[in-house]
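First residue of the sequence shown: 1026, per the numbering used here; consecutive thereafter. C-beta: ideal position from N, C-alpha, C; glycine also. So the structure is just underneath, and the comments pick up after that.
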Amino acid sequence: MSGTLYWATRAWIDGRWADAVLLRAGDDGHWAEIHAGTAAPPQAEVLAGPVLPGLVDAHSHAFQRAFAGLSERRDSAQDDFWSWRDRMYRVALRITPEQLRAVAAMLYAELLRGGYTQVCEFHYLQHKVDGRPYADPLALSWALATAAADVGIGLTMLPVLYERAGFTQPALRDDQRRFATDAAAVRALQRGLAGSGRPLLNAGVAIHSLRAAAPASIARLLDGLGEVPIHVHVAEQTAEVDDCLLATGQRPIEWLARHAGLDARWQLVHATHSTREEIDAVAQSGAGVVICPSTEGNLGDGFADLPGWLQAGVPMAIGSDSHVTRAWPEELRWLEYGQRLLHRQRNVSAAPAEGQPATAARLFGRALGAGGTAAGFGRWGLSVGARADLLVLDTQDTSLLGLPAERLLDALVFSSPGRPFRDVMVAGRWAQRDHQPRGGVDIPNRFAVAMRQLWELT
Ligand SMILES: [Zn+2]
1026 MSGTLYWATR AWIDGRWADA VLLRAGDDGH WAEIHAGTAA PPQAEVLAGP VLPGLVDAHS
1086 HAFQRAFAGL SERRDSAQDD FWSWRDRMYR VALRITPEQL RAVAAMLYAE LLRGGYTQVC
1146 EFHYLQHKVD GRPYADPLAL SWALATAAAD VGIGLTMLPV LYERAGFTQP ALRDDQRRFA
1206 TDAAAVRALQ RGLAGSGRPL LNAGVAIHSL RAAAPASIAR LLDGLGEVPI HVHVAEQTAE
1266 VDDCLLATGQ RPIEWLARHA GLDARWQLVH ATHSTREEID AVAQSGAGVV ICPSTEGNLG
1326 DGFADLPGWL QAGVPMAIGS DSHVTRAWPE ELRWLEYGQR LLHRQRNVSA APAEGQPATA
1386 ARLFGRALGA GGTAAGFGRW GLSVGARADL LVLDTQDTSL LGLPAERLLD ALVFSSPGRP
1446 FRDVMVAGRW AQRDHQPRGG VDIPNRFAVA MRQLWELT
């Protein structure tokens, strides 16, 4: 029998803990066999703790890792999303391919440590600092792909359609010159990435937002696109909802539902400001939403209608977006805490009537399957045919120490563990062992150099 055998005291399979689990990773990097209730055969590697599937970080702008923690001071009377965006552009306008690779490699090592094994890059940095194209239009995309390969995380690249500064503005602002694309360019970038033959790399497309792309361009992008993920920022800010209403007479999610041909390929990123009718329309379409709790909190976006989206059965992935946090337990905690503060209740996301009284398990289960879809995978998690990814919990971490096994996921999300994931496997290979990432000290060293270069210039 080919492949490699692993055995775990327990593993999270089909939404619950199973005991004494044998897992065989095939030589193709996918699960070939998973059985619970099996004694460990002598040739199996016994894993050091309970096993969870890895999660997809379904929304990332890797370069924004370079100013996490650096926009937390108010230096004008008004500090909101739009003033934050102006600061973000200062990094976007300066970063080189080498610096982007260094920043992204650090980020991706941190994402692995935070329990993600795949990341979706909503990638709109395309051109040189002066706005002219690189000789290879994929120069900055390769910087990200190389960073992902450096640390061993899976990467879904989503080149972004970005052609105008607002609903009534025909072109981009000068400080958006590195982002300029049209539908044909995005399709060419997507083909170049998808056909690269690089392992652990796949590609879909993205539309920056309805304000940044005209309806005719969106239609050209989608024409004959095929079965790849389509991501779009939508309804993150109330100003965007107001502008969309003014320009089209419809709210942004409503416009997408009516005009974009939403289906299961589509991922609506943020979807913060929604109505009951919009949620129902998205549910009928099969599209998913990607909620980014830490970034939405950091930017003061507002609260998504989490009970509404969950109740409607809409697939709900999570993303770390601007990377002010880089671990999914923290994203799920903030997702639930926002709702508790808003509704003045506890365990808002639990569904005892549906047999799921555990908040963490319900949110994790939703994010697991929806994340796989958002990254373009038909199968995801600890199941035969899915990519052989897993997380080994460190039950010696003080926050997990001595807990009953069936409460481990609850504590992982709501007891703020320091270093919960001991080992991380991606496609049958270890990307992190005993808390040590692949790539060693070169990754933080290169990151520190890039950060000094970026910030010395301010
Ligand atoms: Zn974003």
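Sequence-distant residues of the same chain with beta carbon closer than 6 Å to residue i, five excluded per side
i	result
Asn1372	Thr1384
Ala1231	Phe1147, Leu1183, Val1185 and His1256
His1060	Leu1047
Ala1173	Tyr1133 and Leu1180
Gly998	Residue 998 is absent from the structure shown; the chain starts at 1026 and stops at 1483.
Ala1190	Leu1197 and Arg1198
Leu1163	Gly1217
Ligand 1 heavy atom lying under 7 Å from the CB of residue i
i	result
Asp1346	yes
Val1294	yes
Phe1147	yes
His1298	no
His1368	no
His1084	yes
His1258	yes
Residues of its chain near residue i, where Cβ-Cβ distance is below 7 Å and the 5 sequence neighbours each way are ignored
i	result
His1233	Tyr1149, Val1185, Leu1186, Tyr1187 and His1258
Phe1389	Leu1357 and Leu1434
Gln975	Because the chain is modelled from 1026 through 1483, residue 975 falls outside the range shown and cannot be assessed.
His1284	Pro1240
Ala1337	Ile1304, Asp1305 and Ala1308
Ala1208	Leu1186, Ser1242, Arg1245 and Leu1246
Gly1139	Arg1351, Ala1352 and Trp1353
Local conformation of residue i per DSSP, three classes
i	result
Pro1288	According to the sequence displayed, residue 1288 carries Asp and not Pro. The answer is coil: DSSP assigns Asp1288 none of H, G, I, E or B.
Tyr1114	helix
Thr1487	Nothing about residue 1487 can be read from this structure; the chain reaches only from 1026 to 1483.
Arg1041	strand
His1152	coil
Asp1346	strand
Ile1316	strand
Trp1480	helix
Leu1125	helix
Pro1162	coil
Trp1032	strand
Leu1415	strand
Gln1089	helix
Ile1059	strand
Pro1277	helix
Glu1188	coil
Pro1462	strand
Leu1270	helix
Pro1099	The sequence given here has Arg at residue 1099, not Pro. DSSP places Arg1099 in coil when its eight states are reduced to three.
Thr1142	strand
Glu1252	coil
Val1409	coil
Contacts around residue i, its chain only, beta-carbon distance under 8 Å, and the 5 residues preceding and following it disregarded
i	result
Leu1271	Phe1192
Ala1064	Ala1045
Ser1101	Ser1108
Val1266	Ala1260, Arg1276, Pro1277 and His1298
Val1349	Ala1093, Gly1094, Ser1319, Thr1320 and Asn1323
Val1176	Ala1130, Tyr1133, Ala1134, Leu1137, Ala1456, Pro1462, Arg1463, Gly1464 and Ile1468
Phe1472	Ala1127, Val1128, Ala1130 and Met1131
Trp1032	Ala1045, Val1046, Leu1047, Leu1048, Thr1063, Ala1065, Pro1066, Ala1069, Glu1070, Val1071 and Leu1072
Near ligand 3: residue i beta-carbon under 7 Å from a heavy atom
i	result
Gly1427	Absence of ligand 3 from the depicted structure is noted, with ligand 1 being the only ligands included.
Sequence ranges, alpha helix (DSSP H) only - wholly within the segment 1208 to 1233, length at least 4: Listed in chain order, the alpha helix (DSSP H) elements of length 4 or more contained wholly in the segment 1208 to 1233 are 1208 to 1219.
Write down every uninterrupted run of the beta strand (DSSP E) in the segment 1329 to 1390 whose length is 3 residues or greater and which is fully enclosed by it, in chain order. For the segment 1329 to 1390, the full-length beta strand (DSSP E) segments reaching 3 residues or more read 1341 to 1343 along the chain.
Every unbroken alpha helix (DSSP H) within the segment 1419 to 1452, with a cutoff of 4 residues, ordered by chain: Counting whole runs of 4 or more residues, the segment 1419 to 1452 contains the alpha helix (DSSP H) stretches 1433 to 1439.
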